[in-house]
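First residue of the sequence shown? That's 1 in full-length UniProt numbering, and the numbers climb one at a time after it.
Step one of this worksheet: look at the structure below.
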Amino acid sequence: MALIELHNIKKVYGKAEYSTVALNNINLCIEKGEFVSIMGPSGSGKSTLLNIIGCMDIPSEGEYRLNGQLINQLNDQQLSKIRNKTISFVFQNFALMQNFSVYDNVALPLFKRKMSAKDKKEKVVYYLQKLGIADLLKKNVSLLSGGQKQRVAIARAMVAETDIILADEPTGALDQKNGAQFMELLCQLNEEGKCLIVITHDENVARYTKRIIRIVDGTITADRKAEMAQ
Ligand SMILES: Nc1ncnc2c1ncn2[C@@H]1O[C@H](COP(=O)(O)OP(=O)(O)OP(=O)(O)O)[C@@H](O)[C@H]1O
Numbered sequence: 001m002a003l004i005e006l007h008n009i010k011k012v013y014g015k016a017e018y019s020t021v022a023l024n025n026i027n028l029c030i031e032k033g034e035f036v037s038i039m040g041p042s043g044s045g046k047s048t049l050l051n052i053i054g055c056m057d058i059p060s061e062g063e064y065r066l067n068g069q070l071i072n073q074l075n076d077q078q079l080s081k082i083r084n085k086t087i088s089f090v091f092q093n094f095a096l097m098q099n100f101s102v103y104d105n106v107a108l109p110l111f112k113r114k115m116s117a118k119d120k121k122e123k124v125v126y127y128l129q130k131l132g133i134a135d136l137l138k139k140n141v142s143l144l145s146g147g148q149k150q151r152v153a154i155a156r157a158m159v160a161e162t163d164i165i166l167a168d169e170p171t172g173a174l175d176q177k178n179g180a181q182f183m184e185l186l187c188q189l190n191e192e193g194k195c196l197i198v199i200t201h202d203e204n205v206a207r208y209t210k211r212i213i214r215i216v217d218g219t220i221t222a223d224r225k226a227e228m229a230q
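Written out as structure tokens, the structure is:
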């Protein structure tokens, strides 16, 4: 059983003459511990696919199984529960809570978990240390650089300790050096066994991943394992 299984997935936005077919006939299996990039032109359906994989949206047709569980017919509450347990997100714009501290942002996924405040703090500090930003703990995230913000975003994803991390253009707002450092971090996480799926338009970013899926007009046109994994 694959971790992620998509069978004949179709996604249509809108109705009748105003409808857009964003994904069509998507068949895809992703195993535990894979490091995948999704590439394709603007409007090709990359974010739609990531949103479906991340249980943020459901397909119009087809079957999505995550860890063997059929996702299609779940309600918002059930989807949110699965997301919380299984999936973390990292976005191009970092999606941090502005004017909150680094600590508050990173601790966010632990909010609903049954843990003592002490255990929560230890976990947050552990990951901040791992990323070399423990000294920023109390700092307001609005005052951080782009590279620091993306480290906070990845710390938040790590704290959740989910099997899957999804990233939508995570290096888009970073300069080359910070982008490369960020991809090195993702490589480390993959070595630790995380399944990572990254949307990117940047071949240099895709080069860090071990499998490249290309989408054009909502359809997968290529899916190949990289010969030279980073
Ligand atoms: N909420 C929505 N309502 C209507 N149409 C949408 C919606 N979201 C996406 N679309 C359409 O679906 C298609 C796929 O969009 P999607 O955002 O998945 O592409 P993308 O490859 O991620 O693009 P980009 O690289 O520009 O972010 C596009 O034609 C887009 O206009």
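Glycine residues also receive a C-beta, built at the ideal position from the N, C-alpha and C atoms.
R151: member of the alpha helix (DSSP H) spanning G146 to V159, first to last residue. For R224, the three-state secondary structure derived from DSSP is strand. Within the chosen limit of 7 Å, ligand 1 reaches the beta carbon of K46 through at least one heavy atom. The C-beta of T48 has 16 or more other C-beta atoms within 10 Å across all chains shown, which makes the residue buried. With the rule of 3 Cβ pairs closer than 8 Å, the region 44-62 does not count as touching the region 92-101. Remark: the C-beta of T20 is in contact range of ligand 1, defined as less than 7 Å to any heavy atom. In this structure, Y64 has its beta carbon at no less than 7 Å from each heavy atom of ligand 1. If you compare the alpha carbons of K112, K46, E17 and I30 with that of D163, the shortest gap goes to I30. Straight-line measurement puts the Cα of C55 at about 17 Å from the Cα of N8. Taking non-hydrogen atoms of ligand 1 into account, the C-beta of G14 is found less than 7 Å away from one of them. For D168, the uninterrupted beta strand (DSSP E) run begins and ends at I164 to D168, by DSSP.
Under the three-state reduction of DSSP output, E192 falls in the coil class, being neither helix nor strand. Judged by beta-carbon spacing, R214 lies within the 8 Å limit of G40, meaning their Cβ atoms are closer than that value.
Non-local C-beta neighbours of L131 in its own chain, meaning closer than 6 Å and more than five positions away in sequence, comprise R151 and A155, ordered along the chain. Membership of L50 in any beta strand (DSSP E) is not indicated; the residue belongs instead to the alpha helix (DSSP H) covering K46 to I53. DSSP, read as helix, strand or coil, puts K121 in helix. Taken in chain order, the whole alpha helix (DSSP H) runs of length 4 or more contained in the region 26-106 are 46-53 and 76-86. L3 sits in coil when the DSSP states are folded into three classes, being neither helix nor strand.
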